[in-house]
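Asks:
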Amino acid sequence: MELSIIIPVYNVEKTLRRCVESVLRQSFQNFEMILVDDGSTDNSATMVDEIARTDNRISVIHQSNQGLSAARNTGIKAAKGRYITFIDSDDFIAQDTYKGVMDLLNAHPEYDILEFSVIEKYGSKAEHPLILDDCVYQNQQEYWLKGQAYRHTYAWNKIYRRELFADIEFPKGRNFEDAHTLPKLMAAAKTIATTSLGTYYYCWNDAGITANANGQDLTSLLEAHLAYINGNNKIDATYYTHVLNIQLDVYEATKAMPLLPIRPLYGNLKLTLLHLLGIKCLCKLNTLFHKAIKPSH
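Note that the numbering used here numbers the sequence shown so that position 140 is 239, with each residue one more than the last.
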């Protein structure tokens, strides 16, 4: 078995068949599909059983509702393929995506993680492509910084060697779980590559976590990046500014004491103000600025 495709399922009766059919239409056929029903309360639970009866490569696991991370972890434990990938059940993949990326992995068995392109926020006014170049990275910091992987920590537009998950799980009960998990997988990998082959369609959901992130959600995202920074990993000004912006959003939403450690990095006005004012004053100034420009009703 070459590839295990893990699809968590929770109340997605309107989009599930589109997701599954996008896999079954692939020219690459040496895969197993693992549908993990995470306690759905709509027709999804029945649908996955019906779908599984149509193809012996499809298996179904039913479990009580435990969240996306738990569903992925369940699928990983059941996976038998040399490689693992994920699809969220409201998304889908382009024709021939898996043939292209699996041919590349067979030609380069040294790749532990292979990332491919994404149409982000598909179906919304903010839709835009994330087109990746053909690159190979020999260490996690090069991939994280030069490849700016921190901007697209998605779990689902990547193929992973299954052994990477031997001691790594997605964190249960946390939003932005991908941002917590990818750095651990990167650290376990020896070679990471990106490719222009293939496309994942990330469908925008106005009711989703990313679209409606609150202070607690943003804090979880910030904590993922703080774990990377505090792990003595190399960082640059561009990445540090990215994390600083998350910290500013967290403070604006929660007023909690800023957690981002100050690093001697410069290169833009925001970093200059950080060093002049300090992190707490910059957070307060940012909040006041947003209040001042917010339209009154």
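Cβ atoms here follow ideal geometry from the backbone N, Cα and C, with glycine treated the same way.
Pick from Leu115, Gln162, Lys333: whose alpha carbon is nearest that of Glu83?
Replies: Nothing can be reported for residue 83, as the shown portion of the chain is limited to 100 through 396.
Asks: Should Asn205 go down as buried or exposed, given a rule of 16 or more other Cβ atoms within 10 Å for buried?
Replies: Looking at its Cβ environment, which holds fewer than 16 other Cβ atoms inside 10 Å, Asn205 is exposed.
Asks: Among Val108, Ile345, Arg181, Asn172, whose alpha-carbon lies nearest the alpha-carbon of Arg261?
Replies: Checked all of Val108, Ile345, Arg181, Asn172; the closest Cα to Arg261 is Arg181.
Asks: Using DSSP's beta-bridge definition, name the partner residues of Phe397.
Replies: Given that the chain is displayed from residue 100 to residue 396, the structure contains no residue 397 and the question cannot be resolved.
Asks: With distances taken from CA atoms, which of Asn164, His374, Leu325, Asp154 is nearest Asp141?
Replies: Of Asn164, His374, Leu325, Asp154, the residue nearest in Cα terms is Asn164.
Asks: Within 10 angstroms of the Cβ of Gln162, are there 16 or more other Cβ atoms? Answer buried if so, exposed if not.
Replies: With fewer than 16 Cβ atoms within 10 Å of its Cβ, Gln162 is classed as exposed.
Asks: Assign Ser295 to buried or exposed, taking buried as 16 or more other Cβ atoms, counted over all protein chains shown, within 10 Å of its Cβ.
Replies: Classification for Ser295: exposed.
Asks: With a threshold of 16 other CB atoms inside 10 Å of the CB of Lys257, please say whether the residue is buried or exposed.
Replies: Result: buried.
Asks: Hey, could you find the ends of the beta strand (DSSP E) Tyr253 is sitting in?
Replies: No beta strand (DSSP E) holds Tyr253; DSSP gives it neither H nor E.
Asks: For the segment 266-276 against the segment 343-356, do three or more pairs of beta-carbon atoms, one drawn from each stretch, fall closer than 8 Å, so that the two count as touching?
Replies: Touching, no, given that fewer than three Cβ pairs across the two stretches are closer than 8 Å.
Asks: Apart from the five residues on each side of it in sequence, which residues of its chain come closer than 7 Å, Cβ to Cβ, to Val111?
Replies: Excluding sequence neighbours, Val111 sits near Ser143, Ser188, Asp189.
Asks: With a CB to CB cut of under 8 Å and the five nearest residues on each side skipped, what residues in its chain are close to Tyr109?
Replies: Same-chain partners within the cutoff: Asp136, Asp137, Gly138, Ser139, Ser143, Asn164, Leu167, Ala170, Ser188.
Asks: Output the distance between the C-alpha atoms of Leu115 and Ile378, rounded to the nearest integer angstrom.
Replies: Between Leu115 and Ile378, the C-alpha separation is close to 45 Å.
Asks: Between the segment 192-199 and the segment 279-298, do three or more beta carbon pairs fall short of 8 Å?
Replies: Taking 8 Å as the limit for Cβ pairs, the verdict is that the segment 279-298 does touch the segment 192-199.
Asks: With Gln162 as the anchor, note down where its beta strand (DSSP E) starts and where it stops.
Replies: Unbroken beta strand (DSSP E) run through Gln162: 157-162.
Asks: Comparing alpha-carbon positions, which option in Glu120, Ser121, Arg124, Phe130 lies nearest Met100?
Replies: Nearest of Glu120, Ser121, Arg124, Phe130 to Met100, Cα basis: Phe130.
Asks: Among Asn329, Gly314, Ile328, which has the Cα closest to the Cα of Ala355?
Replies: It is Gly314.
Asks: Would you please state the rounded distance, in angstroms, between the beta carbons of Asp148 and Leu123? I believe it to be under 8 Å.
Replies: Their Cβ separation, rounded to whole angstroms, is 16 Å, which puts Asp148 and Leu123 out of contact at 8 Å.
Asks: Going straight from the alpha carbon of Glu351 to that of Lys383, what length do you get?
Replies: Cα to Cα, Glu351 sits roughly 8 Å from Lys383.
Asks: Would you kindly work out how many angstroms separate the C-alpha atoms of His374 and Tyr338, rounded to a whole number?
Replies: If I take the Cα positions, the gap works out to 16 Å.
Asks: Under 6 Å Cβ to Cβ from Asp277, same chain only, skipping five residues before and after it: list those, please.
Replies: Cβ neighbours of Asp277 beyond the five flanking positions: Thr252, Tyr253, Ala254.
Asks: Helix, strand or coil for Asp348, going by three-state DSSP, please let me know.
Replies: Asp348: helix per DSSP, three-state reduction.
Asks: Give the straight-line distance between the Cα atoms of Leu372 and Arg117, rounded to the nearest whole angstrom.
Replies: The alpha-carbon atoms of Leu372 and Arg117 are separated by roughly 48 Å.
Asks: Which runs of the alpha helix (DSSP H) at least 4 residues long sit entirely within the segment 320-372? Give them in chain order.
Replies: Runs found: 336-353.
Asks: What is the residue span of the beta strand (DSSP E) that His227 lies within?
Replies: Looking at the DSSP string, the run of the beta strand (DSSP E) that includes His227 is 227-229.
Asks: Give a yes or no on whether the C-beta atoms belonging to Leu229 and Tyr259 are separated by under 8 Å.
Replies: The answer is no: Cβ separation not under 8 Å.
Asks: Along the chain, where does the beta strand (DSSP E) that runs through Glu214 open and close?
Replies: Per DSSP, Glu214 belongs to the beta strand (DSSP E) from 212-221.
Asks: On the CB-based measure, 16 or more other CB atoms within 10 Å of its CB, does Ala178 come out buried or exposed?
Replies: It counts as buried.
Asks: Per DSSP, Thr184 is paired with what?
Replies: DSSP output for Thr184 lists Ile104 as bridge partner(s).
Asks: In whole angstroms, what separates the C-alpha of Thr353 from that of Glu226?
Replies: Cα-Cα distance, rounded: 29 Å.
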